[in-house]
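Using the numbering used here, you'd call the opening residue of the sequence shown number 6 and step up by one each time.
Structure record follows, encoded as structure tokens.
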Amino acid sequence: MNVIVIEDQILFRELIVSVLRNDFDINVLGEYDDGETGMEACLDDSPDLLVLDIKIKKLGGLTVFNRLKDRVPDMKIILVSAHLTPEIVKSSVERGVNGLVTKNSSIESLKDAIGQILKRTVYYCPEAYNLLRQPISNKDYNDSLKMLTPRETDVLQMVGEGYSSKKIAQSFGLSVRTIDAHRSNIMRKLKLRGATDMTRLAVKLKLVSQD
Numbered sequence: 006m007n008v009i010v011i012e013d014q015i016l017f018r019e020l021i022v023s024v025l026r027n028d029f030d031i032n033v034l035g036e037y038d039d040g041e042t043g044m045e046a047c048l049d050d051s052p053d054l055l056v057l058d059i060k061i062k063k064l065g066g067l068t069v070f071n072r073l074k075d076r077v078p079d080m081k082i083i084l085v086s087a088h089l090t091p092e093i094v095k096s097s098v099e100r101g102v103n104g105l106v107t108k109n110s111s112i113e114s115l116k117d118a119i120g121q122i123l124k125r126t127v128y129y130c131p132e133a134y135n136l137l138r139q140p141i142s143n144k145d146y147n148d149s150l151k152m153l154t155p156r157e158t159d160v161l162q163m164v165g166e167g168y169s170s171k172k173i174a175q176s177f178g179l180s181v182r183t184i185d186a187h188r189s190n191i192m193r194k195l196k197l198r199g200a201t202d203m204t205r206l207a208v209k210l211k212l213v214s215q216d
């Protein structure tokens, strides 16, 4: 099995790599500290497994996760985060995440996640299971996202992370005009007035991780 690790905290990244190599004898193709470079490596090298931190620079982990699930649906992905929320857990489970681990968990939790995925099953840490059972506190979350297409949700997330239409267009391989059309559709559907409103909503809907 070939693996890529995207994690911006050096100590935690080295710990993950050590577990992969020493406990499972897994080949680590690369280690990256930002989402943009890490995602490009995933598309170029096609690893079997990606260990991905949610809070990373240059494309947040959730954007990377959603985009890879669209383009490489068979790639196994373990999401790690300092703070999971019901929104993040439920949306990632619906998109087919293979593992969910918090940084507050023991190293055994990460080992369990890797081990279960090697057995072709999924692993959610106890905190993730508890969050799955919790109702989403903000009713607007489901109502708003149900009105958007998957592409519009990705655009809303990237606007919330501060990306311009030009940068979003480059990331998706689309024209700026197409991205602007998506932005207009989002604002029309959700009755927003501009980028500031879109950013606030992305944060409110937990599309943008703030841990």
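All C-beta atoms, glycine included, are put in the ideal place defined by N, C-alpha and C.
- Annotation: the continuous beta strand (DSSP E) that includes residue 33 extends over 32-37.
- Comparing alpha-carbon positions, the option among 32, 149, 22, 67 lying closest to residue 44 turns out to be 67.
- For residue 104, DSSP records a beta bridge to 83, 128.
- Taking all protein chains in view, the Cβ of residue 51 is surrounded by fewer than 16 other Cβ atoms within 10 Å, so the residue is classified as exposed.
- DSSP links residue 11 through a beta bridge to 37, 57.
- Per the Cβ contact rule, the segment 131-139 is not in contact with the segment 153-162 (fewer than 3 Cβ pairs under 8 Å).
- In the assembly as shown, residue 175 is an exposed residue. Its beta-carbon has fewer than 16 other beta-carbons within 10 Å.
- Residue pairing of residue 62 in beta bridges, as defined by DSSP: 39.
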